[in-house]
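Going by the numbering used here, the sequence shown opens with residue 41, and the numbers climb by one from there. Cβ atoms here follow ideal geometry from the backbone N, Cα and C, with glycine treated the same way. Just so you know, these numbers come straight off a predicted model, no measurement behind them.
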Amino acid sequence: MDRIYGRKPVLDTLDSDIEIYRAYILRQNSKIIDKLIKKLRAKNIEIDFVDKSFFDKIDMNHQGVALDVESFKYKDLADIDTYKRLIILDQIEDPHNLGAIVRSAEAFGFDGVIIPERRSAEVSPIVYKTSAGAINNINIIRVKNISRTIEEIQKEGFWVYGLAGEGSQEIDKTDLKGKIALVVGNEGKGISRLVREKCDILINIPMKGFVNSFNASVASAIAMYEVLRQNGFD
């Protein structure tokens, strides 16, 4: 079982097909909370009206609402032939980064976010909250081995581009049309050697300031936008 916090993630979850077991609400004068209660009652979901102490131990912006839901269901690559744009996360460990990347991927029309089973952030309350509900509207694909997964999607016609500061091509001068997968590496170490070797091309995001690197979620968003732009926002 998972627990989801925050008004936007809770609202989005209520509009999804995720099974919901129970809601927890701190009474407050809010039209959004009134809307939540109305939706919950329409779905016959049990509501616990709790006091402030219920949320005191929660270290995130819970906004006084929470849901108990079924455990998150990861996808596999069974539908790879229907995908056109993917982002692959090579050992992204910060759940805030994972949530932010999921939010951008959904916003920019990507079909899925691929994460490894080990040494990676997984879907958690923080990811739900940071994604602002986007986690319910995109495929989160968990695989055993990123290197082998790259080989598998390459066989399906994907070109795989790794984001790296030392990449040989600038992203805006690289053809990113068609079936594309972007690889983003660990927050500190970047793309691992084995994964790097599987990429077709390493690309960089040109910068002009003194800062010579981006946060993983920022770099991901810039790269995904460029893919969307080059494909005519289609």
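Legend entry - 8 Å contact criterion, which R125 and S171 should meet: CB distance rounded: Counting from one through the sequence shown, the residue named residue 125 turns up at place 85. Counting from one through the sequence shown, the residue named residue 171 turns up at place 131. Not a contact, Cβ separation roughly 17 Å.
Legend entry - Inter-residue Cα distance where the pair is M264 and A145: Stepping through the sequence shown from its first residue, residue 264 is reached at position 224. Stepping through the sequence shown from its first residue, residue 145 is reached at position 105. Taking the CA atoms as reference points, M264 sits about 7 Å from A145.
Inset, instruction - Report yes if the CB atom of D173 is closer than 8 Å to the CB atom of D52, and no otherwise. - result: Mapped onto the sequence shown, residue 173 falls at position 133. Mapped onto the sequence shown, residue 52 falls at position 12. It should be pointed out that residue 173 corresponds to Gly in this sequence rather than to Asp. For G173 and D52, yes; Cβs fall inside 8 Å.
Legend entry - Meets three-Cβ-pair contact criterion under 8 Å: the region 120-136 and the region 157-168: Judged by Cβ distances under 8 Å, the region 120-136 makes contact with the region 157-168, as three or more pairs qualify.
Legend entry - C-beta atoms of N244 and G207 nearer than 8 Å: Position 204 of the sequence shown, counting from 1, holds the residue named residue 244. Position 167 of the sequence shown, counting from 1, holds the residue named residue 207. The answer is yes: Cβ separation under 8 Å.
Inset, instruction - Name the residue from C239, E210, G202 whose alpha carbon lies nearest to the alpha carbon of Q194. - result: As a position in the sequence shown, residue 194 is number 154, starting the count at 1. Considering only C239, E210, G202, the residue with the shortest C-alpha distance to Q194 is C239.
Inset, instruction - For S164, I'd like the list of residues in its chain whose CB is within less than 7 Å of its CB, leaving aside the five on either flank, ordered along the chain. - result: Mapped onto the sequence shown, residue 164 falls at position 124. By the criterion of a C-beta distance shorter than 7 Å, S164 is surrounded in its chain by P135, once the five residues flanking it on both sides are discounted.
Inset, instruction - Report back the beta-carbon spacing between S257 and I141 to the nearest angstrom; my notes put them in contact at under 8 Å. - result: On the sequence shown, residue 257 is found 217 positions in, with the first residue counted as 1. On the sequence shown, residue 141 is found 101 positions in, with the first residue counted as 1. The Cβ separation is near 5 Å, so the contact holds.
Inset, instruction - Would you grab the beta carbon distance between D88 and Y64 for me? Rounded to a whole angstrom, and I think it's under 8 Å. - result: Sequence index remark: in the sequence shown, residue 88 carries index 48 (1-based). Sequence index remark: in the sequence shown, residue 64 carries index 24 (1-based). Between Y64 and D88 the Cβ distance is about 5 Å, and since that is below 8 Å, they are a contact.
Legend entry - Of the residues D55, G205, N69, F198, the one placed nearest D151, counting alpha carbons only: For the purposes of this step, residue 151 is identified with residue 111 of the sequence shown, where counting begins at 1. The candidate whose alpha carbon is nearest that of D151 is F198.
Inset, instruction - State the beta-bridge partners of V105 as determined by DSSP. - result: One-based indexing of the sequence shown puts residue 105 at position 65. According to DSSP, which records beta bridges pairwise, V105 is partnered with I65.
Legend entry - Rounded Cβ spacing between I175 and V167 (contact assumed at less than 8 Å): Residue mapping note: residue 175 aligns to position 135 of the sequence shown, counting from 1. Residue mapping note: residue 167 aligns to position 127 of the sequence shown, counting from 1. Indeed, because the Cβ distance is near 6 Å, the residues count as touching under 8 Å.
Inset, instruction - Taking only the alpha-carbon atoms, compute the straight-line gap between K92 and E59 and give it to the nearest angstrom. - result: The count along the sequence shown starts at 1 and reaches residue 92 at position 52. The count along the sequence shown starts at 1 and reaches residue 59 at position 19. Distance between K92 and E59, taken at the CA atoms: about 26 Å.
Inset, instruction - Rank A106, I72, Q68 by C-alpha distance to the C-alpha of E86 and give the top, closest one. - result: If you number the sequence shown from 1, residue 86 lands on position 46. Answer by Cα proximity: A106.
Legend entry - Unbroken alpha helix (DSSP H) run spanning N137, endpoints: Here residue 137 refers to the residue found at position 97 of the sequence shown. Note, N137: alpha helix (DSSP H), 135-147.
Legend entry - Beta-carbon proximity of I180 to D116, cut-off 8 Å: Counted from its first residue, the sequence shown places residue 180 at position 140. Counted from its first residue, the sequence shown places residue 116 at position 76. Taking 8 Å as the cut-off, the beta carbon of I180 is found no closer than this to the beta carbon of D116.
Legend entry - Segments assigned alpha helix (DSSP H), at least 4 residues, entirely inside the region 217-274: With a minimum length of 4 residues, the continuous alpha helix (DSSP H) runs that stay inside the region 217-274 are 233-238, 256-270.
Inset, instruction - Kindly identify the DSSP beta-bridge partner or partners of E210. - result: By 1-based counting over the sequence shown, the position of residue 210 is 170. Answer is N244.
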